[in-house]
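Undergrad: Residues in the sequence shown are numbered from 1 upward in steps of one, following full-length UniProt numbering.
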Amino acid sequence: MAARKTDDIDSTSSNDPADLAQAYRDLARGEQTAAALESNLSNLENKLDAMLAALESMTNDHSSSSISGAKDKAENEKAS
Numbered sequence: 001m002a003a004r005k006t007d008d009i010d011s012t013s014s015n016d017p018a019d020l021a022q023a024y025r026d027l028a029r030g031e032q033t034a035a036a037l038e039s040n041l042s043n044l045e046n047k048l049d050a051m052l053a054a055l056e057s058m059t060n061d062h063s064s065s066s067i068s069g070a071k072d073k074a075e076n077e078k079a080s
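1. By how many angstroms is the C-alpha of Ala54 removed from the C-alpha of Glu31?
2. Looking only at its chain, what residues have a beta carbon closer than 8 Å to the beta carbon of Ser63, apart from the 5 residues adjacent to it on each side?
3. Among the residues of its own chain, which have a CB less than 7 Å from the CB of Met1, if the five just before and after it don't count?
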C-alpha cells in the first residue's frame with residue numbers, strides 16, 4: 001500500500017490578519033464576560049452568606065427562647 005502524502009498546511013486554518021484580529025476581539029470579549037460573571041457570582045455569594053447568617057441567627061434566637069420557655073415550664077410544673 002502506498003503511503004498518503006499529507007500537506008504541512010491545514011487547508012481549514014487561516015492566517016489572514018483580519019481573521020486573527022477577529023479571533024483576538026472574540027477572546028477579549030469572552031474574557032470580559034467571564035470577569036463580569038465572576039463578579040456577579042461573588043456578589044451573589046456574599047448576599048447568600050448574609051442571608052444564611054441572618055437565618056442562623058434567627059434560628060439560634062428561636063432555639064434559645066424555646067429552651068428558656070421549656071425550662072420555665074418544667075420549673076412551674078415542679079412548683080405545682
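Think of the CB as a built atom: it goes at the ideal place given N, C-alpha and C, for glycine as much as any other residue.
TA: Here's the rundown:
1. 35 Å
2. none
3. Residue confidence is low: Met1 scores 49 on pLDDT, short of 50, so the model does not pin down where it sits. Its coordinate-derived value is still stated next. Taken in chain order, the list of residues that qualify is empty.
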